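Heads up: the sequence shown is residues 24 to 226, going by the numbering used here. In this text, a Cβ means the ideal position worked out from N, Cα and C, and glycines have one as well. This one's a predicted model, so the numbers in the text were calculated from it and none came from an experiment. Notes for the one structure printed next.
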Amino acid sequence: MISQQQITAVVLAGGQARRMGGQDKGLLMYQDQTFIQHLVNDLKPQVGQIIINANRHQQQYADLTRCPVIEDHFGDFAGPLAGMLTGLQTIKTPYILFMPCDVPHIPDFLVTRLAEKLTQSQAMISTVYDGQRTQYLFALMRCEVQESLQTYLQQNRHQVRAWYQQQHVVEVDFSDCPQFFVNINTPEDLQKCLTLNNFGHAE
Numbered sequence: 024m025i026s027q028q029q030i031t032a033v034v035l036a037g038g039q040a041r042r043m044g045g046q047d048k049g050l051l052m053y054q055d056q057t058f059i060q061h062l063v064n065d066l067k068p069q070v071g072q073i074i075i076n077a078n079r080h081q082q083q084y085a086d087l088t089r090c091p092v093i094e095d096h097f098g099d100f101a102g103p104l105a106g107m108l109t110g111l112q113t114i115k116t117p118y119i120l121f122m123p124c125d126v127p128h129i130p131d132f133l134v135t136r137l138a139e140k141l142t143q144s145q146a147m148i149s150t151v152y153d154g155q156r157t158q159y160l161f162a163l164m165r166c167e168v169q170e171s172l173q174t175y176l177q178q179n180r181h182q183v184r185a186w187y188q189q190q191h192v193v194e195v196d197f198s199d200c201p202q203f204f205v206n207i208n209t210p211e212d213l214q215k216c217l218t219l220n221n222f223g224h225a226e
């Protein structure tokens with residue numbers, strides 16, 4: 024089995040959030056804390072180290088989380104794959120967990136379930152299937168994918184799904200807890216979830 028100390032988590036907060044009116048989604052508020060603070064609290068028991076990938080508000084992220092903050096090494100707001108490559112180039116552990124910053128909670132068994140399937144399948148990437156769609160940005164990867172991802176981005180290609188299709192990927196069933204993977208892309212999405220309190224809780 025993969026141990027907790029073998030995994031570094033990288034929270035992807037490097038986007039411009041155009042559909043959110045430019046608001047930095049990791050800094051959105053939920054129950055008196057920012058999304059990123061909730062996520063870091065949920066991640067701490069599951070991984071050895073946490074890093075924030077951010078291309079703006081870096082000092083604010085650092086102050087809120089006490090975690091290292093890294094900017095993209097590739098391109099100018101070049102999308103989540105650029106953040107993934109930056110994470111892969113930065114970490115020293117053999118496994119890396121990626122997740123987006125636009126949810127405030129994750130299941131307390133997220134890493135365990137992804138790691139178990141990654142090991143059993145001998146895949147390079149295990150990613151979340153929420154019962155309706157594949158959530159590509161919630162993924163546990165072997166760091167050997169770095170060279171492939173770098174080549175892909177150097178070809179000026181940026182689609183996450185298309186790069187995944189080049190890898191050995193296993194989808195992991197999280198249909199028992201889809202509320203953790205709600206996509207918050209617009210102010211309307213956020214307001215709906217806040218009104219319904221429709222966010223997963225790690226407790």
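Residue range of the unbroken alpha helix (DSSP H) whose run includes residue i
i, result
"P103", "103-113"
"Q54", "Segment: none, Q54 is in no alpha helix (DSSP H) and carries neither H nor E."
"F58", "58-66"
"A77", "Where A77 is concerned, there is no enclosing alpha helix (DSSP H), although the beta strand (DSSP E) it sits in stretches over 72-77."
Proximal residues to residue i (C-beta, below 8 Å), its chain only, five neighbours per side dropped
i, result
"I114", "T31, V33, Q72, I74, C166"
"D212", "V205, N206"
"A138", "M24, I25, I30, Y118, S149, L163"
"I59", "V34, A36, G49, L50, I75, Y84, L87, T88, C124"
"Q145", "H191"
"T2", "The chain is shown from 24 up to 226; residue 2 falls before or after that span and cannot be answered."
Residue i, enclosing beta strand (DSSP E) - first and last residue
i, result
"D196", "192-196"
"Q29", "Element bounds for Q29: n/a, residue is neither H nor E."
Chain-order list of residues whose beta-carbon lies under 6 Å from that of residue i (same chain, five-residue window excluded)
i, result
"L50", "T57"
"Q81", "V92"
Cβ pair residue i, residue j closer than 7 Å
i, j, result
"M147", "Q190", "yes"
"H96", "T109", "yes"
"Q169", "L133", "no"
"V183", "Y159", "yes"
"V70", "K140", "no"
Cβ-based neighbour list, residue i, same chain, cut-off 7 Å, excluding 5 preceding and 5 following
i, result
"Q27", "Q69, V70, G71"
- request: Scan the stretch 152-189 and note each continuous alpha helix (DSSP H) run of 4 residues or more that stays entirely inside, going in chain order.
  value: 169-177, 183-187
- Message: Between the stretch 121-132 and the stretch 173-181, can you find at least three pairs of beta-carbon atoms closer than 8 Å?
- Response: no
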